[in-house]
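Report on the structure given below.
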Amino acid sequence: MIFLKLVLQLTFLTLLASSSSVRNKGKHSPWKTLDGTPTLLFAHRGEKVLLPEHTVPGYETASILGADFVEPDLCLTKDDQFVCHHDLFLRDGSDVENHPEFEHLKRKTPDGFNWFIRDFTLAELKTLRIVQQNTGIRPQDYNGFFTIPTFQEYLGVIHRMTFKLNRTIGIVPELKNPSFHNANRTSNFMEKLLLQTLAEHGYPINLISDGYCEATVDGGKHPIPCPPVIVQCFETPALEYLKSQSDLELLQLIQDQAELLTYKGIKEVSKVAKYYSTWKEYLYVGVAAEMTYNNKTWNETLIDSLGGFVPARKFAKEVHRHGMKVVLFTFHDSREPSTRGCAVVPGCQPEDKTKELDYFFELGVDGIFIENVAESRAILMDFEAQEEIRGVRRSARNFASALATYTCNVSGYLCGYSS
1 MIFLKLVLQL
11 TFLTLLASSS
21 SVRNKGKHSP
31 WKTLDGTPTL
41 LFAHRGEKVL
51 LPEHTVPGYE
61 TASILGADFV
71 EPDLCLTKDD
81 QFVCHHDLFL
91 RDGSDVENHP
101 EFEHLKRKTP
111 DGFNWFIRDF
121 TLAELKTLRI
131 VQQNTGIRPQ
141 DYNGFFTIPT
151 FQEYLGVIHR
161 MTFKLNRTIG
171 IVPELKNPSF
181 HNANRTSNFM
191 EKLLLQTLAE
201 HGYPINLISD
211 GYCEATVDGG
221 KHPIPCPPVI
231 VQCFETPALE
241 YLKSQSDLEL
251 LQLIQDQAEL
261 LTYKGIKEVS
271 KVAKYYSTWK
281 EYLYVGVAAE
291 MTYNNKTWNE
301 TLIDSLGGFV
311 PARKFAKEVH
321 RHGMKVVLFT
331 FHDSREPSTR
341 GCAVVPGCQP
351 EDKTKELDYF
361 FELGVDGIFI
371 ENVAESRAIL
381 MDFEAQEEIR
391 GVRRSARNFA
401 SALATYTCNV
411 SGYLCGYSS
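Quick note on UniProt numbering: the sequence shown kicks off at 1 and runs consecutively.
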């Protein structure tokens, strides 16, 4: 009898646990990210589908549509000012070709002629106007309206939108080619200027510092929580310098650096960065297949000595194992080619942004650089809702099973047995 009472008590506890799971379904996280929170959406160059990339309205719109972080790419002008522009050049994305006064600044490049940002002063750059790329559904109605923003203008937008939306919007500046920009300047000039600019705008550079950020709205200044900062760069030495001088969170960008796509490579990145960011297809078709498809080569002996390439479906877990978050780039608007699966499927996978994002959500990817914020946010919310429903169904099945077992035990001690 004592044994049977113990069985009944344990069964009843199981029933209660199942019941609690159903009642608290909202507390169940369907996310396999490092911290169990939803995948973060990084607005790639602002809202670059609906508005021209790297413009004040583009940053505002990305914030309104629900981006967790908004990205500015940072380049330096001739007079040492940060401006937000993706390329080191100006021909694609601006109307510089319509400015004969800058003809003398045109340089020969591998793909023809172009104009370097570093040859222009900020005042000269401000005479140019942004031109939207004519891709997918991107409207061409805003060409010629907007100027290239400064980093200070970008920060002003993020602070203002943080205040107006009553939610904190993160900043994720990318230092573009620091070695190029620092070539004719003092050592680590670009990195130092970034830290200085952030400090001037109230950001705590070190953990011992108290941040004080403000939003300027309608002429008045309002205190706001300082937005979270993640500094990204492809160049590891720049990140190493920032790590030595600050406590800012750092993101290592990785494209074709084969050695960093290995088991030991990931471990090395974890010594510097909190975020590991790479091309999405490495986690779908695999590193070797994708690099071969893009005619990239690697030293097989070196890669083998570093543990080999991490398999696609194990990549996120391996990054998490070293305490880092994994962030992937780039997820385009659904009307633009996703280049999904091209390395293994002739003609690439059929376009389906929902399936594409759901695959990476399932892997536990912590963040994604996206274009068309509203579309990506809707897919993420639907994934979360569907996972919650599946979680409730699992809990309901557990509850029903526990109830049946408990009822059977109460009525006959053990199912199929009667004394």
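C-beta atoms are modelled at their ideal positions from N, C-alpha and C, and glycine is treated no differently.
Just so it is clear, the structure is predicted and the values come from calculations on it, not from any experiment.
Test item: CB-CB of residue i and residue j under 8 Å
| i | j | result |
| --- | --- | --- |
| ILE224 | THR150 | no |
| SER270 | GLU235 | no |
| LEU41 | ILE368 | yes |
| ILE158 | ILE148 | no |
| ASP73 | ARG129 | no |
| SER205 | LEU195 | Sequence check: residue 205 is Ile here, not Ser. Yes, they are a contact pair. |
| CYS84 | TYR154 | yes |
| MET291 | ALA258 | yes |
| VAL49 | ILE137 | yes |
| residue 423 | LYS164 | Missing from the structure shown is residue 423; the chain here goes from 1 to 419 and no further. |
| THR55 | PHE146 | yes |
| LEU328 | LYS280 | yes |
| THR37 | GLU336 | no |
| THR39 | PHE361 | yes |
| TYR212 | GLY202 | yes |
| LEU122 | ASP87 | no |
| PRO30 | GLU384 | yes |
Helix, strand or coil at residue i according to DSSP, with G and I counted as helix
| i | result |
| --- | --- |
| SER334 | coil |
| ASP256 | coil |
| ILE370 | strand |
| LEU380 | helix |
| ALA215 | strand |
| THR109 | strand |
| LYS192 | helix |
| ASN98 | helix |
| GLU351 | coil |
| VAL22 | Note that VAL22 scores 43 on pLDDT, short of 50, meaning its location in the model is unreliable and no value can be drawn from it. |
| TYR275 | strand |
| ILE130 | strand |
| ILE148 | coil |
| GLU174 | strand |
| GLU387 | helix |
Range covered by the alpha helix (DSSP H) that runs through residue i
| i | result |
| --- | --- |
| HIS222 | From DSSP, HIS222 is part of no alpha helix (DSSP H) but of the beta strand (DSSP E) over 220-224. |
| GLY265 | 263-269 |
| ARG321 | 315-321 |
| LYS164 | 151-165 |
| LYS243 | 236-245 |
| residue 473 | This structure cannot speak to residue 473, because the chain is shown only from 1 to 419. |
| ASP304 | 300-305 |
| SER63 | 56-64 |
| LEU74 | Note, LEU74: premise wrong, no alpha helix (DSSP H); beta strand (DSSP E) at 73-76. |
| PHE120 | That residue, PHE120, is in no alpha helix (DSSP H); it is neither H nor E in DSSP. |
Minimum C-alpha distance to residue i - residue among the options
| i | options | result |
| --- | --- | --- |
| MET324 | VAL345, LEU306 and GLY364 | GLY364 |
| ASN182 | THR77, THR354 and TYR359 | THR77 |
| PRO139 | GLN386, ASN372, ILE389 and ALA67 | ASN372 |
| ALA312 | SER305, ASN294, THR292 and LEU283 | LEU283 |
| THR278 | ALA316, MET190 and GLY308 | ALA316 |
| ASN114 | PHE89, HIS222 and PRO173 | PHE89 |
| ALA215 | GLY156, LEU251, THR186 and PHE69 | GLY156 |
| VAL131 | ARG390, GLU53 and CYS342 | GLU53 |
| THR354 | GLN257, ILE379 and PRO346 | ILE379 |
| ASP35 | ASP366, GLY341, TYR293 and LEU51 | ASP366 |
| ARG185 | PHE69, GLN81 and GLU336 | GLN81 |
| ASN294 | ALA343, PRO337, THR301 and GLN252 | ALA343 |
| PHE69 | GLU124, GLU97 and HIS44 | HIS44 |
| GLU101 | ALA199, ASP111 and GLU124 | GLU124 |
| GLY144 | LYS314, THR33 and ASN98 | ASN98 |
| LYS296 | GLN386, ASP256 and GLU200 | ASP256 |
Nonlocal neighbours in the same chain, by C-beta distance under 8 Å from residue i, ignoring five residues either side
| i | result |
| --- | --- |
| VAL310 | LEU261, THR262, TYR263, ILE266, VAL287 and GLU318 |
| LYS126 | THR147 and ILE148 |
| GLU351 | SER334, PRO337, SER338 and ARG340 |
Contacting residues, own chain, Cβ-Cβ under 6 Å from residue i (five flanking each side not counted)
| i | result |
| --- | --- |
| GLU249 | ILE230 and LYS274 |
| THR168 | THR162, PRO225 and PRO227 |
| ASP333 | VAL49, GLY136, GLU371 and ASN372 |
Close-in-space but distant-in-sequence residues of the same chain around residue i (CB under 7 Å, 5 per side omitted)
| i | result |
| --- | --- |
| GLU174 | GLU71, ASP73, LEU74, GLN232 and CYS233 |
| LEU65 | GLU47, VAL373, ALA374 and ARG377 |
| GLN349 | ARG340 and GLY341 |
| MET190 | LEU76, LEU175, PRO178, HIS181 and ASN182 |
| HIS322 | ILE266, LYS267 and SER270 |
| ARG23 | For ARG23, the pLDDT reaches just 44, beneath the cut-off of 50, and the residue's location in the model is therefore unreliable, although a value from the coordinates is still provided. If we look at ARG23 and ignore the five residues flanking it on each side, it has no Cβ neighbours. |
| residue 426 | Limits of the chain in this structure are 1 at one end and 419 at the other, which puts residue 426 out of reach. |
| ASN188 | ASN182 and TYR241 |
Residue span of the beta strand (DSSP E) that contains residue i, given as start and end
| i | result |
| --- | --- |
| VAL231 | 230-233 |
| VAL83 | 82-84 |
| ALA43 | 40-43 |
| TYR293 | Looking at the DSSP string, TYR293 is not in any beta strand (DSSP E); the run it does join, the alpha helix (DSSP H), is 287-293. |
| SER187 | Element bounds for SER187: n/a, residue is neither H nor E. |
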